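Residue numbers are given in UniProt numbering: position 99 of the sequence shown equals residue 99, and the series is strictly consecutive.
Every residue gets a Cβ at the ideal spot worked out from N, C-alpha and C, and that includes glycine.
Quantities reported herein were computed from a predicted structural model and do not represent experimental measurements.
Written below as structure tokens is the structure these notes are about.
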Amino acid sequence: MQETPDTTVEPLFCGQLELSEPTCMMHHMRPIKCVAFEGTLTGRRFYGCPVPQSEGVNCGVTEWVDKPWHPILQNCLSRLWDMYHEQNCGRVVDKQKYEKHLAKLKTENDKLCIEYTKLVQDVSKMFDWQDGRVDHMDYQKAVEEEEFEKKKKEVEESARLEVQMEKLKLAKEQRCTL
Numbered sequence: 001m002q003e004t005p006d007t008t009v010e011p012l013f014c015g016q017l018e019l020s021e022p023t024c025m026m027h028h029m030r031p032i033k034c035v036a037f038e039g040t041l042t043g044r045r046f047y048g049c050p051v052p053q054s055e056g057v058n059c060g061v062t063e064w065v066d067k068p069w070h071p072i073l074q075n076c077l078s079r080l081w082d083m084y085h086e087q088n089c090g091r092v093v094d095k096q097k098y099e100k101h102l103a104k105l106k107t108e109n110d111k112l113c114i115e116y117t118k119l120v121q122d123v124s125k126m127f128d129w130q131d132g133r134v135d136h137m138d139y140q141k142a143v144e145e146e147e148f149e150k151k152k153k154e155v156e157e158s159a160r161l162e163v164q165m166e167k168l169k170l171a172k173e174q175r176c177t178l
């Protein structure tokens with residue numbers, strides 16, 4: 001008995017085994033037909049325990065239908081799976097770098113917004129001091145707030161588009177690997 005490898009759907013080899021023998025060791029149930037999709041076992045058919053890992057203890061492989069692959073084919077499968085895992089690992093690292101960079105940009109954006117607000121207030125105070133008029137202060141404040149809101153919307157839209165483009169790029173890369 002072996003641990004159950006990951007499997008893939010194969011319409012020509014699926015369902016429960018019709019014979020009463022063999023049965024899984026622990027549950028004494030008829031095994032299900034599976035096709036391995038993991039490492040050097042990829043493509044080999046086997047009879048496996050019908051109890052999913054999530055619902056309890058899975059007995060594993062009851063019996064292999066196919067003989068082990070030729071060593072050359074096993075080496076090729078092993079290399080392909082290594083390449084696949086290497087690519088996925090690279091994408092995970094890239095995604096983590098992207099998320100860190102995005103967090104840094106958001107922090108920088110927040111700091112710039114705060115600095116801009118302070119600058120607007122300082123300029124407003126300077127004009128108020130110079131003119132000594134309350135009406136001018138209200139007008140200037142309204143103009144600066146309007147400019148600030150415009151710039152804020154532009155920055156947010158730019159950041160949103162950049163995030164959306166990166167998400168689309170990651171989704172496209174993930175589809176390519178699957």
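- Closest by C-alpha distance to Cys-113, when choosing among Glu-86, Glu-144, Trp-81, Phe-127: The closest CA to that of Cys-113, considering only Glu-86, Glu-144, Trp-81, Phe-127, is found on Glu-144.
- Query: When we look at the beta-carbon of residue 199 and count the other beta-carbons within 10 Å, is it buried (16 or more) or exposed?
  - Reply: This structure cannot settle anything about residue 199, because the visible part of the chain is limited to 1 through 178.
- Is it true that the CB of Thr-4 sits closer than 9 Å to the CB of Gly-48? Contact: yes.
- Endpoints, the beta strand (DSSP E) within which Glu-38 is located: Glu-38 -> no beta strand (DSSP E), and no H or E assigned at all.
- Kindly indicate which residue of Pro-31, Met-29, Phe-46 has the alpha-carbon position closest to the one of Phe-37. Comparing Cα positions, the closest option is Phe-46.
- Compute the beta-carbon to beta-carbon distance between Leu-102 and Val-163, rounded to the nearest angstrom, for a pair I have assumed lies under 8 Å. Confirmed, about 7 Å.
- Query: Are the CB atoms of Arg-91 and Leu-41 nearer to each other than 9 Å?
  - Reply: Taking 9 Å as the Cβ cut-off, Arg-91 and Leu-41 do not qualify as a contacting pair.
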